[in-house]
Amino acid sequence: EGLCDFCFRTTTATVATGDAKLHSPIKSAASKIRSSIGNAPELISGDRFDKPRFDRVSGHTGTGLLPEALSTWGRVGYKTTILNIGLLSVRLQQSPIPGGCLETMYKYAAVLLLLGLAATARAASLSAPAPDQWMLIPDGNGRLHLANLNPYNIDETVPEPHFTAATDTIFRLYTRANRNTPQVVGLNDAGSLSASNFNTAHPTRFIIHGWNNDGFSEVNMILKDAWLDRGDFNVITVDWGVGAQTINYPFARARVGAVGNVVSTFINFLQANTGISFASISIAGHSLGAHAAGNAGFFQFGRLNTIFGMDPALPLFSLDSTDRLTLNDAQYVESIHTNAGLLGFDLPLGQASFYPNGGRTQPGCGVDITGACAHGRAYEFLAESIVSGGFTSVRCGSYDEILTGNCSVQGPSRPMGGEPSNFGTGTEGAFTLTTRAAAPFSLG
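Basically our numbering = 1-based index in the sequence shown + 5.
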């Protein structure tokens, strides 16, 4: 339509400054794009998107970090172009590109970049410095790290590694034939795939770790062993440690979109070369990895079987975050909240959201001031449920009822986690359950 032979469904732009007047030039430039490419819906309002489900922040960062400073995005197909200049990033995603169209979109992207840079510079001169926000955040192995959540005050004493998701993310395959010796399958490397033990007759399960972890962190090993104890699976760990292992938490947080995007690309590669069904694929992600899993499902248009969000990260996320886990990211999305309101997201994020022991603290964790122990319980619970089931839960009228301890039971009980998952059973709502203080955690 318009200049291009395909339809850009969305064109969005925003400046993360809080000065509403700075949005006028950005809106003007975006309007020019819309008038050229057809009837793309109006999504710009104030300093955030009206419909965040149409947008995901790229998370692809280079020399600076302002992940929502400028995001221009039209989503139709699978091809993605990410431009980075200084603190700003522009993402254009489209179906096969007719002659002259990409050049046109780059031209308008350049206009937006220039306006965004000017607006950001003006905002810096008008706004007071943002206060530091220090917080102890554990990695997936329970080690605590002091993190500054202020994205405008980055610790430059430690060099920030450059992370490109497409080349720095490692996919390791485990099966019962090689449960302790992973096989690296390269993105778009058909030779490494055909030489591996990947079996098209077996379901495929992805595991995505969180901040300051890598592919061999505890969450990966515990869940990998659980699935292989359960049966024949292709278990693939997603190692984005190059981007996750940084003292600057905001950088890692900003990369979940890019990690999810490359996982989706890898899934397309698997399907194209093996013919597996998208419905045979599920993803489990912990903390930041839960949001990365959501992005992977989003780029798959919600057609994957199940996403388990294990205590999805809360720091620097909110309901308005365009790159968080949502209930539309798979055919069935289940969130498990074990440190809700501190390290983990408190509000329900899945079609079904489970709050073991009320979801905030966990028995057996003692004086868990930082929440590290409770945060890690999510993947321990899921791993046990995969092997032995259990974790029967009751549905409450709302999350608020769970929070206040006044659950009015609604409908039949349902299991938390499990293999297979609750997909196809009509499970939805907010659930709570009680566990033991140590493994085995399930009471039945």
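Where is the CB? At the ideal position from N, CA and C, for every residue including glycine.
Which class does Phe-176 belong to by DSSP, given the choice of helix, strand or coil?
Phe-176: strand per DSSP, three-state reduction.
Output yes or no for whether 8 Å exceeds the beta carbon distance between Ala-297 and Val-264.
Contact flag set, yes.
Less than 7 Å between C-beta atoms, sequence neighbours within five positions excluded: which residues of the same chain meet that for Gly-364?
The answer, listed in chain order, is His-342, Thr-343, Ala-345, Ile-407.
Distance, Cα to Cα, Phe-256 vs Pro-166?
One C-alpha to the other measures close to 10 Å.
How many Å lie between His-207 and Trp-232 at the Cα?
Distance from the CA atom of His-207 to the CA atom of Trp-232, rounded to whole angstroms, is 12 Å.
Return no unless some Cβ of chain B is closer than 8 Å to the Cβ of Leu-319.
Any reference to chain B falls outside this structure, which holds one protein chain only.
When we look at the beta-carbon of Asp-334 and count the other beta-carbons within 10 Å, is it buried (16 or more) or exposed?
Burial call: buried.
Delimiting residues of the alpha helix (DSSP H) encompassing Thr-209
Element bounds for Thr-209: not the alpha helix (DSSP H) but the beta strand (DSSP E), 209 to 213.
When you compare the stretch 410 to 427 with the stretch 347 to 354, are there three or more beta-carbon pairs, one atom per stretch, that lie closer than 8 Å?
With a cut-off of 8 Å, the stretch 347 to 354 and the stretch 410 to 427 do not count as touching, because too few Cβ pairs lie within range.
Grouping DSSP H, G and I as helix and E and B as strand, with all else coil, what is Pro-361?
Under the three-state reduction of DSSP, Pro-361 is assigned to strand.
Helix, strand or coil: which one does DSSP assign to Leu-228?
Leu-228 falls in the helix class under three-state DSSP.
C-alpha distance - Ser-50 paired with Leu-321, whole-angstrom precision:
Confidence is the limiting factor: at Ser-50 the pLDDT is only 26, short of 50, which leaves the residue's position unreliable, though a coordinate-based value still follows. Approximately 21 Å, taken between the alpha carbons.
Among Lys-229, Val-224, His-214, Ser-413, the one whose alpha carbon lies nearest that of Val-392
Per the C-alpha coordinates, the member of Lys-229, Val-224, His-214, Ser-413 positioned closest to Val-392 is Lys-229.
Hey, how far is the Cα of Ser-390 from the Cα of Asp-194?
Taking C-alpha positions only, Ser-390 is separated from Asp-194 by approximately 34 Å.
Excluding sequence positions up to five away, which residues of its chain have a Cβ less than 7 Å from the Cβ of Asn-266?
Annotation for Asn-266: Thr-85, Ala-170, Asn-300, Phe-304 place their beta carbon closer than 7 Å to its own, counting only its chain and skipping 5 residues before and after.
Where the beta strand (DSSP E) through Val-450 begins and ends:
With the chain covering only 6 through 449, there is no way to say anything about residue 450.
Top-ranked residue by Cα proximity to Ala-377, from Pro-420, Phe-238, Trp-216:
Nearest C-alpha to Ala-377: Trp-216.
What residues are listed by DSSP as bridge partners for Asn-239?
When DSSP reads this structure, Asn-239 sits in a beta bridge with Thr-209.
In the DSSP assignment, find the beta strand (DSSP E) that holds His-291 and state where it starts and stops.
For His-291, the enclosing beta strand (DSSP E) starts and ends at 286 to 291.
Please name the residue, chosen from Phe-306, Leu-438, Gly-246, Ser-398, that lies closest to Thr-174 on a Cα-to-Cα basis.
For the residues Phe-306, Leu-438, Gly-246, Ser-398, the minimum Cα distance to Thr-174 belongs to Gly-246.
Quick one: is Leu-293 buried, meaning 16 or more other Cβ sit within 10 Å of its Cβ, or exposed?
With 16 or more other CB atoms across the displayed protein chains lying within 10 angstroms of its CB, Leu-293 is buried.
Reduced DSSP secondary structure (H/G/I, E/B, other) of Gly-191:
Three-state DSSP puts Gly-191 in coil, outside helix and strand.
Span separating the alpha-carbon of Pro-317 from that of Val-399:
Answer to the nearest angstrom: the Cα atoms are 21 Å apart.
Taking 8 Å as the cut-off, decide whether the C-beta atoms of Asn-239 and Asn-204 are in contact.
Going by C-beta atoms, Asn-239 is nearer than 8 Å to Asn-204.
In whole angstroms, give me the CA-to-CA distance for Asn-278 and Asn-225.
Going by the C-alpha atoms only, they are around 25 Å apart.
Please say whether Gln-336 and Arg-308 have beta carbons closer to each other than 8 Å?
In this structure, Gln-336 lies closer than 8 Å to Arg-308 by Cβ.
Supposed close pair Ile-212, Val-243 - CB separation, criterion 8 Å:
Taking the Cβ atoms as the reference, Ile-212 lies roughly 7 Å from Val-243, within the contact range of under 8 Å.
Suppose you measure from the CA of Leu-178 to the CA of Phe-168; what does that come to, to the nearest Å?
One Cα belongs to Leu-178, the other to Phe-168, and the distance between them is close to 22 Å.
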